[in-house]
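Colleague: One structure is given below, represented as structure tokens, and several questions about it will come after.
Numbering (UniProt numbering), first residue to last: 1 to 304.
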């Protein structure tokens, strides 16, 4: 019997454990949830708005939970509901939600929005779940944009120093766009750090590849969206380009354990790969994680 098995009735295989998919209301998250439900797995999807969560639930057959990763109280409430829905036993947690903004934007309590959603909120959710549930697999969706050597066209990430990242960037689109690859670097560092801290859980950083037409650009200016759509046919020639369907297939395989890799792996488009040099600095990763936990505690205390 494997780590993820639970007891059956002696004659039938044990029921599959539930999978949590944040950002499961659109894009790769929605496709992944649909694949997992079709394979017979119970799935919980999260999204920011009640309407889109309900629509995704109807479209996939998954259970829906409202989760605003920018709000520490919403994260806490969602964690309670997720635990109630899963019974404290989770096969996989897929931290897949993400955002990208083109102008300086902060949460209600003043944290830069991209870092709050893509990094801080996910760390808070994970810590709340792992403290009260057994989780077999954890997958953090990252991006090749975290690695300047991949030449994705995105700005080079900033150093992963949380004190600097939570402050709003300077004016201009470029300064705001830089927070996205920086948040993805934080995701990789976080995946590696959790893998070191939680040996009982298989932890993977997952790069789905470049996907023209995905929803992240919806927060960009009109001119940016027009250029992105126009470049779509040319981008398909890029060696790192993939499709949402292929990315969802790989993410679902990581979730159900059919794609097996060692804990602490970086997986790009379904294959183990090497992440950026900066992502392997263990001192930076440890400090980033500890500082994030301290920030989460301060935000929760202030929200009460």
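Ideal placement from N, C-alpha and C gives every residue a C-beta, glycine not left out. Remember, it's a predicted structure, so these values are computed and weren't measured experimentally.
Which same chain residues end up closer than 7 Å to residue 299 when comparing Cβ atoms and leaving out the 5 residues on each side of it in sequence?
Modeller: Working through the chain shown from its first residue, we reach residue 299 at position 299. These residues qualify, in order along the chain: 72, 109.
Colleague: Output the distance between the C-alpha atoms of residue 40 and residue 169, rounded to the nearest integer angstrom.
Modeller: For the purposes of this step, residue 40 is identified with residue 40 of the chain shown, where counting begins at 1. For the purposes of this step, residue 169 is identified with residue 169 of the chain shown, where counting begins at 1. C-alpha separation (whole angstroms): 44 Å.
Colleague: Between the stretch 146-159 and the stretch 89-106, are three or more C-beta pairs nearer than 8 Å?
Modeller: No: fewer than three Cβ pairs fall under 8 Å.
Colleague: Rounded to the nearest angstrom, how far is the Cβ of residue 184 from that of residue 243, given a contact under 8 Å?
Modeller: As a working note, residue 184 is residue 184 in the chain shown. As a working note, residue 243 is residue 243 in the chain shown. 20 Å between Cβ atoms; not a contact.
Colleague: With respect to the beta strand (DSSP E) encompassing residue 265, which residues constitute its N-terminal and C-terminal limits?
Modeller: Residue 265 sits at position 265 when you count from the first residue of the chain shown. First-last of the beta strand (DSSP E) with residue 265: 265-268.
Colleague: How would you call residue 294, buried or exposed, if buried means at least 16 neighbouring beta carbons within 10 angstroms?
Modeller: On the chain shown, residue 294 is found 294 positions in, with the first residue counted as 1. Its Cβ having fewer than 16 others within 10 Å, residue 294 is exposed.
Colleague: Which partner residues does residue 293 have in the DSSP bridge list?
Modeller: Along the chain shown, one-based indexing puts residue 293 at 293. Looking at the DSSP assignment, residue 293 forms no beta bridge with any residue, so it has no partner.
Colleague: Got a sec, what are the start and stop residues for the alpha helix (DSSP H) residue 77 sits in?
Modeller: Along the chain shown, read from residue 1 onward, the residue named residue 77 stands at position 77. Where residue 77 is concerned, the enclosing alpha helix (DSSP H) stretches over 72-86.
Colleague: I think residue 119 touches residue 186, with their Cβ atoms under 8 Å apart; what is that distance to the nearest whole Å?
Modeller: As a working note, residue 119 is residue 119 in the chain shown. As a working note, residue 186 is residue 186 in the chain shown. The pair is a contact, with the Cβ atoms about 4 Å apart (cut-off 8 Å).
Colleague: State the DSSP-derived secondary structure class of residue 47, mapped to helix, strand or coil.
Modeller: Start at 1 with the first residue of the chain shown, and residue 47 comes out as number 47. It is a strand residue.
Colleague: Exposed or buried, which one is residue 35 when buried takes at least 16 other CB atoms within 10 Å?
Modeller: Here residue 35 refers to the residue found at position 35 of the chain shown. Classification for residue 35: buried.
Colleague: Within the continuous alpha helix (DSSP H) that includes residue 182, where are the two ends?
Modeller: For the purposes of this step, residue 182 is taken as the residue at position 182 of the chain shown. Start and end: 179-197.
Colleague: Buried or exposed: residue 258, going by 16 or more other Cβ atoms within 10 Å of its Cβ?
Modeller: Here the question's residue 258 lines up with position 258 in the chain shown. Exposed is the call here.
Colleague: Would you say residue 61 reaches chain C, if we count a Cβ-Cβ gap shorter than 9 Å as a contact?
Modeller: The chain inventory of the structure shown lacks chain C, comprising one protein chain alone.
Colleague: So, residue 79 versus residue 138, is the Cβ gap smaller than 9 Å?
Modeller: Residue mapping note: residue 79 aligns to position 79 of the chain shown, counting from 1. Residue mapping note: residue 138 aligns to position 138 of the chain shown, counting from 1. No.
Colleague: Report yes or no: do the stretch 7-26 and the stretch 86-93 share at least 3 C-beta pairs separated by less than 8 Å?
Modeller: Flag = yes, the stretch 7-26 and the stretch 86-93 touch.
Colleague: Distance check for residue 130 and residue 200, CA to CA, integer angstroms please.
Modeller: On the chain shown, residue 200 is found 200 positions in, with the first residue counted as 1. On the chain shown, residue 130 is found 130 positions in, with the first residue counted as 1. Near 11 Å, if we compare the C-alpha coordinates of residue 130 and residue 200.
Colleague: When you compare the CB positions of residue 63 and residue 42, do they come within less than 9 Å of one another, or not?
Modeller: The residue labelled residue 63 in the question sits at position 63 within the chain shown. The residue labelled residue 42 in the question sits at position 42 within the chain shown. The answer is yes: Cβ separation under 9 Å.
Colleague: Go to residue 32, then tell me how far its alpha helix (DSSP H) extends in each direction, as first and last residue.
Modeller: Locating residue 32 in the chain shown gives position 32, where the first residue counts as 1. 27-38 is the extent of the alpha helix (DSSP H) around residue 32.
Colleague: For the alpha helix (DSSP H) that contains residue 162, what are its first and last residues?
Modeller: Numbered from its first residue, the chain shown carries residue 162 at position 162. That run of the alpha helix (DSSP H) goes 162-165.
Colleague: By the 10 Å Cβ neighbour count, where 16 or more other Cβ atoms means buried, how is residue 271 classified, buried or exposed?
Modeller: By 1-based counting over the chain shown, the position of residue 271 is 271. So residue 271 counts as exposed.
Colleague: Taking the DSSP output, what are the residues bridged to residue 112?
Modeller: Sequence index remark: in the chain shown, residue 112 carries index 112 (1-based). For residue 112, which the question treats as bridged, DSSP gives the partners 106.
Colleague: Terminal residues of the continuous alpha helix (DSSP H) containing residue 67?
Modeller: Taking the first residue of the chain shown as 1, we reach residue 67 at position 67. Taken as a continuous stretch (DSSP letters only), residue 67 belongs to no alpha helix (DSSP H), as it is neither H nor E.
Colleague: Please report how far the alpha carbon of residue 279 lies from the alpha carbon of residue 178, in whole angstroms.
Modeller: Translated into the one-based positions of the chain shown, residue 279 becomes position 279. Translated into the one-based positions of the chain shown, residue 178 becomes position 178. Answer to the nearest angstrom: the Cα atoms are 16 Å apart.
Colleague: Report the residue from 54, 76, 46, 266 whose alpha carbon sits nearest the alpha carbon of residue 303.
Modeller: Translated into the one-based positions of the chain shown, residue 303 becomes position 303. Out of 54, 76, 46, 266, 76 has the C-alpha closest to the C-alpha of residue 303.
Colleague: Could you say which of 203, 291, 285 lies nearest to residue 266 if we only look at CA atoms?
Modeller: Mapped onto the chain shown, residue 266 falls at position 266. Nearest C-alpha to residue 266: 203.
Colleague: Which residue comes first and which comes last in the alpha helix (DSSP H) that contains residue 251?
Modeller: For the purposes of this step, residue 251 is taken as the residue at position 251 of the chain shown. From DSSP, the alpha helix (DSSP H) with residue 251 extends over 244-256.
Colleague: Tell me the DSSP secondary structure of residue 141 in three-state form.
Modeller: Numbered from 1 along the chain shown, position 141 holds the residue referred to as residue 141. Three-state result, residue 141: strand.
Colleague: For residue 393, which three-state DSSP category applies?
Modeller: It is not possible to answer for residue 393, since the shown part of the chain is limited to 1 through 304.
Colleague: Report all residues from its chain with a CB closer than 7 Å to the CB of residue 247; omit the five preceding and five following residues, and keep chain order.
Modeller: Here residue 247 is taken as the residue at index 247 of the chain shown, counted from 1. Correct list, in chain order: 28, 208, 209, 211.
Colleague: Go to residue 121, then tell me how far its alpha helix (DSSP H) extends in each direction, as first and last residue.
Modeller: Mapped onto the chain shown, residue 121 falls at position 121. 121-130 is the span of the alpha helix (DSSP H), which, as asked, contains residue 121.
Colleague: Around the Cβ of residue 290, are there at least 16 other Cβ atoms within 10 angstroms (buried) or fewer (exposed)?
Modeller: Locating residue 290 in the chain shown gives position 290, counting from the first residue. Classification of residue 290: exposed, given that the 10 Å Cβ count is below 16.
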